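2 protein chains.
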Amino acid sequence: MRIGELARRAGVSPRALRYYEQQGLIRARRTANGYREYSEADLKLVTEIRSLLTVGFTLEDAKPFVACLRAGHESGADCPESVEVYRRKLAEIDDEIRALLVRRAEVAGQLSTACPGCVLTKRE
Amino acid sequence: MRIGELARRAGVSPRALRYYEQQGLIRARRTANGYREYSEADLKLVTEIRSLLTVGFTLEDAKPFVACLRAGHESGADCPESVEVYRRKLAEIDDEIRALLVRRAEVAGQLSTACPGCVLTKRE
DNA sequence: CTTGACCCTGACACTGACGTCAACGTTTAC
DNA sequence: GTAAACGTTGACGTCAGTGTCAGGGTCAAG
Numbered sequence: 001m002r003i004g005e006l007a008r009r010a011g012v013s014p015r016a017l018r019y020y021e022q023q024g025l026i027r028a029r030r031t032a033n034g035y036r037e038y039s040e041a042d043l044k045l046v047t048e049i050r051s052l053l054t055v056g057f058t059l060e061d062a063k064p065f066v067a068c069l070r071a072g073h074e075s076g077a078d079c080p081e082s083v084e085v086y087r088r089k090l091a092e093i094d095d096e097i098r099a100l101l102v103r104r105a106e107v108a109g110q111l112s113t114a115c116p117g118c119v120l121t122k123r124e
Numbered sequence: 125m126r127i128g129e130l131a132r133r134a135g136v137s138p139r140a141l142r143y144y145e146q147q148g149l150i151r152a153r154r155t156a157n158g159y160r161e162y163s164e165a166d167l168k169l170v171t172e173i174r175s176l177l178t179v180g181f182t183l184e185d186a187k188p189f190v191a192c193l194r195a196g197h198e199s200g201a202d203c204p205e206s207v208e209v210y211r212r213k214l215a216e217i218d219d220e221i222r223a224l225l226v227r228r229a230e231v232a233g234q235l236s237t238a239c240p241g242c243v244l245t246k247r248e
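Chains as they are written, first to last, in my numbering: chain A, 1 to 124; chain B, 125 to 248.
This is how it looks when you write it as structure tokens:
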């Protein structure tokens with residue numbers, strides 16, 4: 001299939017696919033006229049990339065998963081490199097959550113000082 | 125005082141001060157040679173901006189606080205517009221925390237599927 | 001033959017808060 | 001007198017993942 005069809009089926013733009021290629025995540029054979037030609041396996045790669053991106057991963061993070069799929073594994077997570085990315089991401093998310101909780105407390109403190117009673121304490 | 129002194133006392137770079145001015149947050153008188161001249165009140169403005177930025181506010185968010193100080197109030201939060209920004213920010217932070225908790229759960233789920241026992245459940 | 005739907009590459013736009021450099025004028029200290 | 005340290009404006013670089021042109025080529029249907 002060509003880029004337009006893959007884009008529709010994967011739910012992304014052709015522009016995004018070219019960008020993924022440029023970043024070294026996917027590759028495409030070229031037909032005689034220079035058009036990119038994709039396989040079903042490529043659809044699987046792009047689907048994996050998309051699901052990772054929507055969970056907050058970067059394209060860089062997604063690389064091990066793509067490599068894992070290309071190596072023949074069923075899931076992109078079936079490789080130690082992918083698992084390592086999962087663990088790192090989990091730690092990053094935890095850090096962000098902690099930082100946000102601190103910020104929340106600071107802002108809530110300021111707000112209650114500036115306007116006692118304004119804090120509705122939605123959480124907990 | 126000139127820009128270098130204000131920058132040192134406020135703990136920011138001269139570049140940042142020029143940027144704040146460009147964004148309409150601070151203003152400076154000019155001496156005959158074109159140098160910016162600041163007052164103690166300006167130091168207070170910049171200090172307010174910095175403390176808001178470090179809590180995750182944008183320069184746009186900081187504008188009502190600066191306006192409030194310029195209007196003569198002791199605290200930048202002594203105006204309804206500032207309080208409104210506080211409340212909005214609090215809601216934004218809560219949204220971000222909720223989104224991160226969802227992401228955390230998704231990633232943790234994927235990780236436990238890919239590598240049972242890898243999730244160390246640091247939280248709770 | 002031409003219209004329209006594709007495809008190509010290359011490159012700028014965007015968001016935020018600056019860092020950094022260029023190319024220049026001013027002030028201060030020795 | 002001169003060099004360091006300061007000031008000025010202007011403009012590009014950063015990070016990520018595209019959107020959106022510009023300016024082409026390709027191909028099937030009518």
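Note that the Cβ used here is the ideal one computed from N, Cα and C, for glycine as well.
If you're wondering where the values come from, they're calculated on a predicted model, not measured in any experiment.
Where residue i falls: helix, strand or coil (DSSP)
| i | result |
| --- | --- |
| B:Arg151 | coil |
| B:Leu193 | helix |
| B:Val179 | coil |
| A:Arg18 | helix |
| A:Glu48 | helix |
| B:Ala186 | helix |
| B:Asp166 | helix |
| A:Lys122 | The pLDDT assigned to A:Lys122 is 47, lower than 50, so where the model puts this residue is not dependable, and the model offers no usable value. |
| B:Ser199 | coil |
Beta-ladder partner(s) of residue i, from DSSP
| i | result |
| --- | --- |
| A:Glu37 | A:Arg29 |
Pair within 7 Å by beta-carbon distance, residue i and residue j
| i | j | result |
| --- | --- | --- |
| A:Leu59 | A:Tyr38 | no |
| A:Ser82 | A:Cys68 | yes |
| A:Ala62 | A:Ile49 | yes |
| A:Pro14 | A:Ile26 | no |
| A:Ala71 | A:Thr47 | no |
| A:Phe65 | A:Gly76 | yes |
| A:Leu101 | B:Tyr210 | no |
| B:Arg160 | A:Ile93 | no |
| A:Val107 | B:Lys213 | yes |
Start-to-end residues for the alpha helix (DSSP H) that takes in residue i
| i | result |
| --- | --- |
| A:Ser82 | Pro80 to Ala114 |
| A:Gly4 | Ile3 to Ala10 |
Between the stretch 59-90 of chain A and chain B, which residues of the former have a C-beta closer than 8 Å to a C-beta of the latter?
Ser75, Ala77, Asp78, Ser82, Val83, Tyr86, Arg87, Lys89 and Leu90
Using a beta-carbon distance cut-off of less than 8 Å, what residues from the stretch 126-146 of chain B approach chain A?
Cβ contacts with chain A come from no residue of the stretch 126-146 of chain B.
Near-chain B residues of the stretch 103-114 of chain A - C-beta to any C-beta below 8 Å
Arg103, Arg104, Glu106, Val107, Ala108, Gln110, Leu111, Thr113 and Ala114
Identify each residue in the stretch 44-60 of chain A for which the Cβ-Cβ distance to at least one residue of chain B is less than 8 Å, and report them in chain order.
Within the stretch 44-60 of chain A, the residues whose Cβ lies closer than 8 Å to some Cβ of chain B are Val55 and Gly56, listed in chain order.
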